[in-house]
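What follows is the structure, encoded as structure tokens:
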């Protein structure tokens, strides 16, 4: 009897542990959001690339109110960048998304919508990410390579979804805190430059849709100074595709299969 009771207790304890293990698998990878550990232990995830290059990236678009101003500014600076777009906004703003590509910039995936992954939902995450990748591929004519989750929260579900859709997760080494109500061009530069060096990846935003109203103007105003500082240091500025970060292996299943599975 004692042996049977002991087995029952072990089984009960094991069953009780399953939700905890699932939660850990979901949450623990999100610690990569912390900049220190990410840069030290996961340089590829941080976007570390060629020592003579800086990758310039923008999140949350496309936005017809603000993205065109960034495209014009980048033209004036003769710089190309990577735009991490939201899948749900691509069909709504297909002409603008195609214009990003026409101007020589790289499209990447920022997810389907700008949400936080509070609960594990691996099937949902894979389907939505594959749907976003399909939307980007349809506009650009090529399959996207890079994936940056909203808020930089890379959970276990999102890592699995990226693997299944053949996308390479990449975060950043420096950001401008350009989403705040008190951001200015000067504050963005003062925040970015101390953390920026050769091989770095810069995170800015070309819209205020998920931030303080009009804060995108701070990022836009910071661009000339940011590019000038890089060039004065002997660094070129460009998209992730020219940055030297290792690209992912081809997916085991195409994005359409992952979405439907």
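Residue numbers (our numbering): 1 to 261.
Here a beta-carbon is modelled for each residue, glycine too, at the ideal position from N, C-alpha and C.
As the structure is a computational prediction, the values presented were derived from the model and not from experiment.
For residue 146, the pairing in a beta bridge is given by DSSP as 168. Less than 8 Å separates the beta-carbon of residue 105 from that of residue 239.
When the Cα atoms are used, residue 220 and residue 206 turn out to be separated by approximately 8 Å. Within the DSSP bridge table, the entry for residue 57 names 82, 203 as partners. Leaving aside the five residues that flank residue 143 on each side, the residues in its chain whose CB is nearer than 6 Å to its CB run, in chain order, 137. Under the Cβ criterion (8 Å, minimum of three pairs), the segment 187-196 does not count as touching the segment 155-169. Residue pairing of residue 99 in beta bridges, as defined by DSSP: absent, with no partner found. Contact annotation, residue 204 with residue 58: C-beta distance approximately 5 Å; criterion of less than 8 Å satisfied.
Scanning 125, 74, 51, 192 for the CA closest to the CA of residue 163 turns up 125. Shown here for residue 180: same chain residues with a beta carbon closer than 7 Å to its own, the five before and five after excluded, namely 212, 215 in chain order. Rounded to whole angstroms, the separation of the alpha carbons of residue 135 and residue 51 is 33 Å. Comparing alpha carbon positions, the residue from 230, 95, 175 closest to residue 218 is 175. Residue 226: member of the alpha helix (DSSP H) spanning 216-232, first to last residue.
One thing to note: residue 145 has its Cβ no nearer than 8 Å to the Cβ of residue 61. Under a 10 Å Cβ-count criterion, residue 149 is classified as buried, with 16 or more other Cβ atoms of the shown protein chains found around its own Cβ.
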